[in-house]
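Q: Okay, here's the structure, questions in a sec.
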Amino acid sequence: MTEGRRGLFISFEGTDGSGKSTQMRLLAQRLRASGCPVLESAEPGGTPIGLQIRRILLDSANEEMAPITELLLMFASRAQATAQWLEPALARGEIVLSDRYTDSSLAYQGEARGLGFDTVLKLHKLLLGDLQPDLTLCIEVDVEEGLARARERNRSEVAGLPRDTRLDEQSLEFYRRVLDGYRKIASLEPDRFRIVDGRGDPETIANRVWAEVEPLLERSR
Ligand code: TYD
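Residue numbers for the sequence shown follow this note's numbering, so the first one is 733 and each next one is one higher.
Laid out in structure tokens, this is it:
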């Protein structure tokens, strides 16, 4: 599945409102400015098919959705983005940036919803084989602060793609479990999965992100 791969795969993780999407955008700009071809993806969503799956996932009317259904839809979106965008871009030697990847399913569905890491990892293996990010940057902020930011943003979002949705309606306790999930991944895979301090202004955090990315660029040259 990963044969002929030449590019670099970097994913961003974090609880809602952590600022990861801003950081991914800043990294994409910085990489492009230094002449690197970059492909940006996001989950759930990214591709047009993924965006349709995202609507089902986030629809407040779907409050009966079982955790396992949620997990399978996350993987459906991921499998589509991987086949349609990520693998071709990696094969072309590009740098792929993904706003969330399987680590989100580990933290949210595996840990916070209680499906377990094992179920998520088995699905990953079955559907995506050995494909893993070369580096994952998990932007960590205080859960309460992040949640307040996410709620503020959701309220101010323009009509069209509603942000005040099913997945944004979780309790503080839920997001604490998500954070526990991320910390668990960090302890299992300290080389790949890096927790980045998300406190401070975006430029300061972008420099922390760059400090993690630069050695990887040098190694892959
Ligand atoms: P996202 O679009 O990244 O929203 P935000 O910018 O608010 O973090 O993700 C939407 C929601 O989907 C978010 O609550 C996290 C959740 N999610 C999972 O629960 N499992 C997954 O595998 C993924 C990719 C996302």
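For glycine and all other residues, C-beta sits at the position ideal for the given N, C-alpha and C. Note that the structure is a prediction, hence the values are computed from the model and not measured.
1. To the nearest whole angstrom, what separates the beta carbons of L860 and A811, a pair I think is in contact under 8 Å?
2. From I788 to L920, what distance separates their C-alpha atoms?
3. At a cut-off of 8 Å, would you count D850 as near the ligand TYD, judging by its Cβ distance to the nearest heavy atom?
4. So W817 and G778 are in contact, right, with Cβ under 8 Å, and what is the actual spacing, rounded?
5. Put L829 into one of helix, strand or coil per three-state DSSP.
6. Rounded to whole angstroms, what's the CA-CA distance from H856 to F807? Just pull it up for me.
7. Report back the beta-carbon spacing between S753 and G782 to the nearest angstrom; my notes put them in contact at under 8 Å.
8. Excluding sequence positions up to five away, which residues of its chain have a Cβ less than 8 Å from the Cβ of L847?
9. Please state whether DSSP places S743 in a helix, a strand or coil.
10. Using a threshold of 8 Å, is the CB atom of R810 nearer than that to any non-hydrogen atom of the ligand TYD?
11. Going by C-alpha to C-alpha distance, which of L863, S836, L771 sits closest to R824?
12. Given that a residue counts as buried once 16 or more other Cβ atoms are within 10 Å of its Cβ, and exposed if not, what is R953?
13. Would you mind giving the Cβ-Cβ distance between G930 and G767, rounded to the nearest angstrom? I have them listed as a contact below 8 Å.
A: Taking the structure as given:
1. 7 Å
2. 32 Å
3. no
4. 7 Å
5. strand
6. 8 Å
7. Their Cβ separation, rounded to whole angstroms, is 16 Å, which puts S753 and G782 out of contact at 8 Å.
8. P799, I800, L803, Q841
9. strand
10. yes
11. L771
12. exposed
13. Rounded, the Cβ-Cβ distance is 28 Å, inconsistent with contact.
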